[in-house]
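The structure appears right after this line, and notes come after that.
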Amino acid sequence: MKDITFNEARHRVDELQELLWQYSHEYYVLDQPSVTDEEYDQLYYELVTLEEAFPELIHLDSPTQAVGGQLLEGFEKVAHSTPMMSLDDAFDIEELSAFDRRLQRLTASAYTYTAELKIDGLAINLRYEEGELVEAATRGDGTVGENVTENIKRIRMIPKKLTQAIDIEVRGEIYMPKRSFLELNQARELEGLEIFANPRNAAAGTIRNLDPSVTQRRKLSGFFYTIVQAEQYGVSSQDEALDLIEKLGLPVNQEHTQLQDIQDIVDYIEKYQEGRQALPYDIDGIVVKVNEFSIQNQAGFTARSPRWAVAYKFPAEEAETTVLSIDWTV
Ligand code: NAD
Numbered sequence: 000m001k002d003i004t005f006n007e008a009r010h011r012v013d014e015l016q017e018l019l020w021q022y023s024h025e026y027y028v029l030d031q032p033s034v035t036d037e038e039y040d041q042l043y044y045e046l047v048t049l050e051e052a053f054p055e056l057i058h059l060d061s062p063t064q065a066v067g068g069q070l071l072e073g074f075e076k077v078a079h080s081t082p083m084m085s086l087d088d089a090f091d092i093e094e095l096s097a098f099d100r101r102l103q104r105l106t107a108s109a110y111t112y113t114a115e116l117k118i119d120g121l122a123i124n125l126r127y128e129e130g131e132l133v134e135a136a137t138r139g140d141g142t143v144g145e146n147v148t149e150n151i152k153r154i155r156m157i158p159k160k161l162t163q164a165i166d167i168e169v170r171g172e173i174y175m176p177k178r179s180f181l182e183l184n185q186a187r188e189l190e191g192l193e194i195f196a197n198p199r200n201a202a203a204g205t206i207r208n209l210d211p212s213v214t215q216r217r218k219l220s221g222f223f224y225t226i227v228q229a230e231q232y233g234v235s236s237q238d239e240a241l242d243l244i245e246k247l248g249l250p251v252n253q254e255h256t257q258l259q260d261i262q263d264i265v266d267y268i269e270k271y272q273e274g275r276q277a278l279p280y281d282i283d284g285i286v287v288k289v290n291e292f293s294i295q296n297q298a299g300f301t302a303r304s305p306r307w308a309v310a311y312k313f314p315a316e317e318a319e320t321t322v323l324s325i326d327w328t329v
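Have a look at this one:
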């Protein structure tokens, strides 16, 4: 960062906070972003860098200290049993290596990684009682989400009944497949309606619509990757958790894998950075998680994210082409 005085930094921090909150409102509440994710991420990164250089400028209400969205009026509120957090980002290999070095300092024993695709959708928490789906909630501000149960029940891929009659909470991502997104936008264009900017916004706009028949008509899907308080179900690692989620009948993305070190992660990233156009859903990166829960527990959390996971975000120029290059004949 070039030399900058405290007053200049303070001015820019205020400016960035205001801009980022405005963009967050457009993105999370209105489901109508006015800037790309890459533009948002760049400004966010600038704010993080300034706050690191001038820690006195970190306010509790800074976007860097909070998880995403404000709640929409019209939905009942649901307090999450444990916070639904964000993820720290990495934009290059050096940042991934720094994440790995930090973990080595925080933890005493050896660990492995699980890598998963970062599904570009809307985070959701599903609560099952005796195997029956009783509640679905959005992430909201991380502590309190919106009750969207009636909408989620209308997604075919989401089981209303698990294969076992247990009480459990699972978390994952609701997304709109690329093909459904294109069909939806085509239909909206014909009807003279505003089109959605991308599948993520279409999925979020659908789930946060007060009329459940809208979800019924639009073809959404989901992938699940987290069990809340997973250890009470006898699992001790992320890959075991994914196995259990799948056994319970919930959709799990099959591209996840276990990796040993940064070089393995780099190979995995390269594979999907090149191959993601062919996937039937959008991804905006790769999520790398420490596999062993015992090590996750040692690493702990910051105010907004786990210290044992990181989201590697794909570079901007690739992101622009994702939706545009779909093969209509598939
Ligand atoms: P994030 O998107 O960087 O990552 C956290 C989220 O990733 C989790 O909450 C979860 O929902 C999701 N996820 C997908 N696959 C996952 C997996 N396999 N394992 C774990 N989590 C997985 O963070 P965020 O707080 O959700 O959103 C911030 C991002 O949203 C920004 O980086 C930006 O790209 C975008 N954003 C854009 C605008 C805009 O105006 N364009 C505004 C605000 C935010």
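Each residue of the sequence shown is one higher than the one before, starting from 0 at the first, in numbering that gives the first Met the number 0. Ideal placement from N, C-alpha and C gives every residue a C-beta, glycine not left out.
Review point. Taking C-beta to C-beta, are T113 and Q259 nearer than 7 angstroms?
Key: Here residue 113 refers to the residue found at position 114 when the sequence shown is read from its first residue. Here residue 259 refers to the residue found at position 260 when the sequence shown is read from its first residue. It is not a contact, given that the beta carbons lie outside the stated cut-off.
**Study point:** Candidates L42, N6 and R9, of which the one nearest Y22 by Cα
**Key:** In the sequence shown, residue 22 corresponds to position 23, counting from 1. If we check each option's Cα against that of Y22, L42 comes out closest.
Check your understanding: D40: beta carbon under 6 angstroms from a heavy atom of the ligand NAD?
Key -> Here residue 40 refers to the residue found at position 41 of the sequence shown. Yes.
Review point. Do you know offhand how far P314's Cα is from Q272's?
Key: Translated into positions along the sequence shown, residue 314 becomes position 315. Translated into positions along the sequence shown, residue 272 becomes position 273. Rounded to whole angstroms, the gap between the alpha carbons of P314 and Q272 is 9 angstroms.
Practice item. Tell me whether Y26 counts as near the ligand NAD, meaning its Cβ is closer than 6 angstroms to at least one heavy atom of that ligand. Key: Start at 1 with the first residue of the sequence shown, and residue 26 comes out as number 27. The answer is yes for Y26.
Review point. Per DSSP, which one or two residues make a beta bridge with I226?
Key: Residue numbering aside, residue 226 sits at position 227 when the sequence shown is read from its first letter. For I226, which the question treats as bridged, DSSP gives the partners V169.
Practice item. Return yes when the C-beta of P32 is under 6 angstroms from any heavy atom of the ligand NAD, and no when it is not. Key: On the sequence shown, position 33 is the one that residue 32 refers to. True, at least one ligand heavy atom lies under 6 angstroms from that Cβ.
Practice item. Given a cut-off of 7 angstroms, decide if N252 and F222 are closer than it, judged by their beta-carbon atoms. Key: Taking the sequence shown and counting its residues from 1, one reaches residue 222 at position 223. Taking the sequence shown and counting its residues from 1, one reaches residue 252 at position 253. Yes, the pair counts as a contact, with Cβ atoms nearer than the cut-off.
Check your understanding: Taking the continuous beta strand (DSSP E) assigned at G284, which residues delimit it?
Key -> Within the sequence shown, the letter at position 285 stands for residue 284. Note, G284: beta strand (DSSP E), I282 to V289.
Check your understanding: In chain order, what residues of the same chain lie with their CB nearer than 8 angstroms to the CB of E330, ignoring the 5 residues before and after it?
Key -> Outside the displayed span of the chain (0 to 329) sits residue 330, for which this structure offers no information.
Check your understanding: Nearest CA to the CA of D266: which residue from P250, P279, I285 and Q276?
Key -> Taking the first residue of the sequence shown as position 1, residue 266 is located at position 267. Residue I285 is the option with its Cα nearest to D266.
Point to revise | Buried versus exposed, by CB contacts within 10 Å (16 or more), N200 | key: Counting from 1 along the sequence shown, the entry for residue 200 is found at position 201. Buried, since its Cβ has 16 or more Cβ neighbours within 10 Å.
**Study point:** Burial state of M156 (16 or more Cβ within 10 Å)
**Key:** Position 157 of the sequence shown, counting from 1, holds the residue named residue 156. Per the 10 Å Cβ criterion, exposed.
Practice item. Between the Cα of G204 and those of E75, Q231, S235 and M175, spot the shortest distance and give me the residue it belongs to. Key: To locate residue 204, count along the sequence shown from 1; it is residue 205. Ranking E75, Q231, S235 and M175 by Cα distance to G204 puts M175 first.
Point to revise | Beta-carbon gap between L49 and A8 smaller than 7 angstroms | key: Working through the sequence shown from its first residue, we reach residue 49 at position 50. Working through the sequence shown from its first residue, we reach residue 8 at position 9. Yes; because the gap between Cβ atoms is below 7 angstroms, this pair is in contact.
**Study point:** Best match in V289, M84 and D36 for proximity to I264 [C-alpha to C-alpha]
**Key:** As a working mapping, residue 264 is identified with position 265 in the sequence shown. Of V289, M84 and D36, the residue nearest in Cα terms is V289.
Exercise for review: Can you check the region 152–226 for any beta strand (DSSP E) of at least 3 residues that lies completely inside it and give the ranges in chain order?
Suggested key: 167–174 and 220–226
Check your understanding: If you compare alpha carbons, which of V66, A65, P54 and L15 is closest to Y44?
Key -> Sequence index remark: in the sequence shown, residue 44 carries index 45 (1-based). Among V66, A65, P54 and L15, the Cα nearest to that of Y44 is on L15.
Exercise for review: Using 6 angstroms as the cut-off, classify the Cβ of E291 as near or not near the heavy atoms of the ligand NAD, replying yes or no.
Suggested key: Counted from its first residue, the sequence shown places residue 291 at position 292. Flag unset: Cβ of E291 not near the ligand NAD.
Exercise for review: Could you tell me if L192 is buried or exposed, where buried requires 16 or more neighbouring beta carbons within 10 angstroms of its beta carbon?
Suggested key: The residue given as residue 192 occupies position 193 in the sequence shown. Burial call: exposed.
Exercise for review: With a threshold of 16 other CB atoms inside 10 Å of the CB of G299, please say whether the residue is buried or exposed.
Suggested key: Here the question's residue 299 lines up with position 300 in the sequence shown. By the 10 Å Cβ count, G299 comes out exposed.
**Study point:** alpha helix (DSSP H) segments (min. 4 residues) lying fully within the region 45–91
**Key:** none
**Study point:** Nearest candidate by alpha-carbon position, reference V66, set I261, R303, I154 and E129
**Key:** Here residue 66 is taken as the residue at index 67 of the sequence shown, counted from 1. Nearest C-alpha to V66: R303.
Review point. Say the cut is 6 angstroms; is the CB of S212 nearer than that to a heavy atom of the ligand NAD?
Key: Here the question's residue 212 lines up with position 213 in the sequence shown. Short note on S212: C-beta not closer than 6 angstroms to any heavy atom of the ligand NAD.
Review point. Based on Cα-Cα distance, which residue from Q262, F292, S293 and E254 lies nearest to G274?
Key: Taking the first residue of the sequence shown as 1, we reach residue 274 at position 275. With distances taken between Cα atoms, G274 lies closest to E254.
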